[in-house]
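Read through the structure below, which is laid out as structure tokens, and then see the notes.
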Amino acid sequence: MSDPSRHPLAMDRPSQDDFPCSLTIDVPFPTSRLAETALKSIQVDPELSPLVWRGFTVVDAPDASDPDASSILRVAYMAATNRMLRVAVNSFMDSLKLVLEVMQELDVDVLEKQDNPSNS
Numbered sequence: 022m023s024d025p026s027r028h029p030l031a032m033d034r035p036s037q038d039d040f041p042c043s044l045t046i047d048v049p050f051p052t053s054r055l056a057e058t059a060l061k062s063i064q065v066d067p068e069l070s071p072l073v074w075r076g077f078t079v080v081d082a083p084d085a086s087d088p089d090a091s092s093i094l095r096v097a098y099m100a101a102t103n104r105m106l107r108v109a110v111n112s113f114m115d116s117l118k119l120v121l122e123v124m125q126e127l128d129v130d131v132l133e134k135q136d137n138p139s140n141s
């Protein structure tokens, strides 16, 4: 078992005393490439508030043995207040929606998956 302190989401994680409100969101993607693309697209925008911390990582789906199989974008949020957590997560959801819409319109993997239901 790996050391939890070396996990990407554990790095630079603030104290739970300072940031008592938290939420982890798992967003499934059909391929690891799409999950990585979403991560790179969203993580470039820094959190605007010093009262909010977030971390990103891509993990294999529980049943995925193939590296090109489905992956999960895991986003962890910690905030000083519930309100700050809600505002940050709402902003993330808006960004995620835009990234998913662009993928749906432009990405070949997504189009192939939609056109060929036998791939699922």
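Taking the numbering used here, the leading residue of the sequence shown gets 22, the next gets one more, and so forth.
Glycine included, C-beta positions come from ideal geometry on N, C-alpha and C.
- Message: For L94, list the residues DSSP reports as bridge partners.
- Response: Beta-bridge partners of L94 (DSSP): V48 and V79.
- Message: Buried or exposed for S92, going by 16 or more other Cβ atoms inside 10 Å?
- Response: Under a 10 Å Cβ-count criterion, S92 is classified as buried, with 16 or more other Cβ atoms of the shown protein chains found around its own Cβ.
- Residues near A100 by beta carbon distance below 7 Å, same chain, minus five either side: Correct list, in chain order: F40, C42, L72, V73, L106 and A109.
- Task: With DSSP as the reference, label S43 as helix, strand or coil.
- Result: DSSP, reduced to helix, strand and coil, places S43 within a strand of the structure shown.
- Cβ neighbours of V48 in the same chain (closer than 6 Å, five flanking residues each side left out): Taken in chain order, the residues that qualify are L94.
- Would you kindly work out how many angstroms separate the C-alpha atoms of Q125 and G76, rounded to a whole number? Taking the straight line joining both Cα atoms gives about 25 Å.
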